[in-house]
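Q: So that we are looking at the same thing, I have put the structure below in structure tokens.
Numbering (our numbering), first residue to last: 157 to 364.
Pasting the structure below:
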């Protein structure tokens with residue numbers, strides 16, 4: 157099993173061991189003993205960056221391993237990996253903003269069912285629970301702004317072996333993604349629109 161360094165580290169560089177490098181179509185599939193690269197999944201796009209001098213084009217989660225697809229082969233043994241900082245920061249902010257939206261709308265009686273934290277496609281979807289209240293973009297925007305102003309810190313914990321992420325006193329969600337260290341790092345979050353279809357509420361958002 158690939159050790160997921162990004163579960164407990166915000167580092168973007170590390171020296172790790174290359175276990176395997178196999179040609180795959182026009183790319184090379186690389187398996188590392190441990191990785192800082194977040195694979196695509198959980199509504200979050202994958203990290204990109206470099207393994208040695210080879211560019212990481214995409215990162216995929218298999219059952220037990222994380223596969224890094226690169227443009228040139230790499231040698232087995234120890235090597236330095238580097239995560240693209242700008243892409244990681246954006247994906248991290250999008251994911252954390254999605255969690256805040258989930259918390260706020262859930263407190264108004266809606267149950268989060270799905271989230272998509274991609275550029276220009278950010279949305280969190282909900283089903284109505286008992287006593288679900290009327291929700292509008294301005295109310296969500298104001299609530300999130302207050303939490304960001306209080307700069308709640310990220311809290312990481314384990315429950316029955318599963319990783320959970322929370323901010324300050326807000327409840328924790330089970331999550332394998334990357335998140336800002338504290339809410340001041342989110343910057344500006346904008347609730348772009350709300351839509352409802354077949355009983356599902358979608359809150360669309362973006363970060364600047």
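The beta-carbon is built from N, C-alpha and C at its ideal position, and this holds for glycine as well.
Suppose the cutoff is 6 Å on Cβ atoms and the five residues either side in sequence are ignored; what does the same chain contact list for residue 217 look like?
A: Mapped onto the chain shown, residue 217 falls at position 61. Same-chain partners within the cutoff: 195 and 197.
Q: Quick one: Cα of residue 296 to Cα of residue 179, how far?
A: The residue labelled residue 296 in the question sits at position 140 within the chain shown. The residue labelled residue 179 in the question sits at position 23 within the chain shown. The straight-line gap separating the alpha-carbon atoms of residue 296 and residue 179 is approximately 48 Å.
Q: How would you write the range of the beta strand (DSSP E) that residue 251 sits in, first residue to last?
A: Position 95 of the chain shown, counted from the start, is the residue given in the question as residue 251. Careful: residue 251 lies outside any beta strand (DSSP E), inside the alpha helix (DSSP H) at 241-262.
Q: On the CB-based measure, 16 or more other CB atoms within 10 Å of its CB, does residue 271 come out buried or exposed?
A: On the chain shown, residue 271 is found 115 positions in, with the first residue counted as 1. With 16 or more Cβ atoms within 10 Å of its Cβ, residue 271 is classed as buried.
Q: When we look at the beta-carbon of residue 282 and count the other beta-carbons within 10 Å, is it buried (16 or more) or exposed?
A: Taking the first residue of the chain shown as position 1, residue 282 is located at position 126. When all chains shown are included, residue 282 counts as buried.
Q: Is the segment 329-344 in contact with the segment 277-293, if contact means three or more CB pairs nearer than 8 Å?
A: no
Q: What do you reckon, are the CB atoms on residue 228 and residue 212 nearer than 8 Å?
A: By one-based count along the chain shown, residue 228 stands at place 72. By one-based count along the chain shown, residue 212 stands at place 56. Their beta carbons are not under 8 Å apart, which means residue 228 does not touch residue 212 by this criterion.
Q: Determine contact between the segment 227-241 and the segment 255-263, defined as no fewer than three beta-carbon pairs at a distance below 8 Å.
A: no
Q: Report the residue ranges of all alpha helix (DSSP H) runs contained in full by the segment 277-327; include only those spanning at least 4 residues, in chain order.
A: 293-305
Q: Could you tell me which residues DSSP puts in a beta bridge with residue 208?
A: Counting from 1 along the chain shown, the entry for residue 208 is found at position 52. None; residue 208 has no bridge partner.
Q: Where does residue 309 land, buried or exposed, given buried means 16+ other C-beta within 10 angstroms?
A: In the chain shown, the residue the question calls residue 309 occupies position 153. Exposed, because fewer than 16 other Cβ atoms sit within 10 Å of the Cβ of residue 309.
Q: Quick check on DSSP: helix, strand or coil for residue 342?
A: As a first step, residue 342 is located in the chain shown; it is residue number 186 there, counting from the start. In the structure shown, residue 342 sits in a helix (DSSP, three-state: H, G or I).
Q: Buried or exposed: residue 327, going by 16 or more other Cβ atoms within 10 Å of its Cβ?
A: Translated into positions along the chain shown, residue 327 becomes position 171. Residue 327 should be labelled exposed.
Q: Taking 8 Å as the threshold, find out whether the segment 354-364 comes into contact with the segment 244-258 through three or more Cβ pairs.
A: yes
Q: Can you find at least 3 beta carbon pairs, one from the segment 168-175 and one from the segment 297-317, that sit closer than 8 Å?
A: no
Q: Is residue 317 a contact residue of the ligand PLP, with contact defined as CB to any heavy atom under 7 Å?
A: The ligand PLP is not part of the structure shown, which contains no ligands of any sort.
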